[in-house]
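Numbering of the first sequence is given in our numbering, commencing with residue 2 and proceeding in unit increments.
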Amino acid sequence: MPNLRLATFNINGIRSRLPALLTWLRKAAPDIVCLQELKATDAAFPVAAINDAGYAAVWLGQSAWNGVAILARDIEPIESRRGLPGDSADRQSRYIEAAVSGLLVGCLYLPNGNPQPGPKFDYKLAWFRRLIEYAQLLADSGHPVILAGDYNVVPTDADIYNPRSWVDNALLQPQSRECFSELLKLGWTDALRHIYPDQRIYTYWDYLRRRRGTEFGLRIDHLLLSDVVLPRLRDAGVDTWVRDLPNASDHAPTWIELSPPKRTMRPAR
DNA sequence: ATGACTTACAGGGTAAGA
């Protein structure tokens, strides 16, 4: 059984980025893909092109903004949840979850929260609280779970080229970082940081600021592993070349590689 | 630097992103 590669990619408009997405799928051939910011209704999701590329998908769309999807190569993802629990009045399409290849995969697009302070930042923190509460349930379940997506949080100053011009940004606020570190305290592992404890790693480069210098990035796309998945983590990385494709998203695909699950011994009778 | 870029929606200018 080969290793399994799972990636998260904020696509920033799946219709306008479809050629770049297909190029990346063909070249990187990830087994499972979490997409965010589809910016498309359910009906406008380009399922035919994605099927033609060899992927089945589940998705939760929304007109103009948000939207999340999970793709799986040569296998049907079994949708287990759409929408984050905890607020039935929340209509924003920011969470979808599916069982794929023995894993439970949660794909999330955490609210940006700018400008802060203000209602958008309040919504971000409220959404984060709901995520923490739900992540605790998932961790306690003992299932192999991966929570992957655009967390819109720069966890530490080591995850940004220079925090100076970003200090008032919602992505760097102590409250945002505190929520992220709470997830880690619950036993979730930040996979990229686990593989590269000291290295500068970026997953996002602003259209507005010095984007052509690869050193001017932020790390905001994260893959969090529940404790039973962590022993299978073999590798991780960022497909930075995708950021340089024509008409690229401002994010790059971020991935992990897992070894096959250890066969558990049946208890002797 | 309320800038610079890019998308969706709409069919022009606004909202949003991070």
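Note that CB positions come from ideal geometry on N, CA and C, so glycine has one too.
Sequence-distant residues of the same chain with beta carbon closer than 7 Å to residue i, five excluded per side
i: residue 195; result: 234
i: residue 183; result: 133
i: residue 226; result: 147, 189, 190, 192, 234
i: residue 170; result: 115
i: residue 155; result: 161, 172, 173, 219, 220, 221
i: residue 164; result: 158, 173
i: residue 122; result: 114, 171
i: residue 2; result: 261
i: residue 143; result: 229
Buried/exposed call for residue i, threshold 16 Cβ in 10 Å
i: residue 52; result: exposed
i: residue 207; result: exposed
i: residue 44; result: exposed
i: residue 205; result: buried
i: residue 112; result: buried
i: residue 221; result: buried
i: residue 141; result: exposed
i: residue 120; result: exposed
i: residue 21; result: buried
i: residue 65; result: exposed
i: residue 250; result: buried
i: residue 150; result: buried
i: residue 49; result: exposed
i: residue 253; result: buried
i: residue 224; result: buried
i: residue 168; result: exposed
i: residue 185; result: exposed
Assumed close pair residue i, residue j - CB separation to whole angstroms, cut-off 8 Å
i: residue 216; j: residue 152; result: The Cβ separation is near 21 Å, so there is no contact.
i: residue 239; j: residue 147; result: Incorrect: roughly 17 Å between the Cβ atoms, too far for contact.
i: residue 47; j: residue 19; result: 6 Å
i: residue 109; j: residue 124; result: Not quite, the Cβ-Cβ distance comes to about 14 Å (not below 8 Å), so this is no contact.
i: residue 105; j: residue 78; result: 11 Å between Cβ atoms; not a contact.
i: residue 67; j: residue 94; result: 5 Å
Chain-order list of residues whose beta-carbon lies under 6 Å from that of residue i (same chain, five-residue window excluded)
i: residue 72; result: 34, 56, 58
i: residue 15; result: 39, 41
i: residue 32; result: 5, 6, 74
i: residue 23; result: 54
i: residue 82; result: 98
i: residue 107; result: 98, 148
i: residue 357; result: Because the chain spans 2 through 270 in this model, residue 357 falls outside it and cannot be assessed.
i: residue 61; result: 69, 83, 94, 97
i: residue 80; result: 59, 99
i: residue 228; result: 188
i: residue 260; result: 4, 233, 235
8 Å Cβ shell around residue i - same chain, five flanking residues per side excluded
i: residue 210; result: 166, 217
i: residue 262; result: 103, 145, 233
i: residue 85; result: 91, 95, 96, 109, 128, 131, 132, 135
Are there three or more Cβ pairs, one per stretch, closer than 8 Å when the stretch 196-208 is compared with the stretch 127-144?
-> A contact is defined here as three or more CB-CB pairs under 8 Å, and the stretch 196-208 fails this definition with respect to the stretch 127-144.
Decide if the stretch 4-19 is in contact with the stretch 31-50; the criterion is three or more beta carbon pairs, one per stretch, under 8 Å apart.
-> yes
Go through the stretch 85-160 residue by residue and report every complete run of the alpha helix (DSSP H) that reaches 4 residues or more, in order.
-> 120-142
Cβ pair count under 8 Å reaching 3, the stretch 172-181 against the stretch 239-248 = no
Fully enclosed by the stretch 8-47, which alpha helix (DSSP H) runs are 4 residues long or longer?
-> 19-29
Contiguous alpha helix (DSSP H) assignments of at least 4 residues, all confined to the stretch 164-216 = 175-186, 192-196
Ignoring anything shorter than 4 residues or poking outside the stretch 48-89, list the alpha helix (DSSP H) runs there in chain order.
-> 48-53
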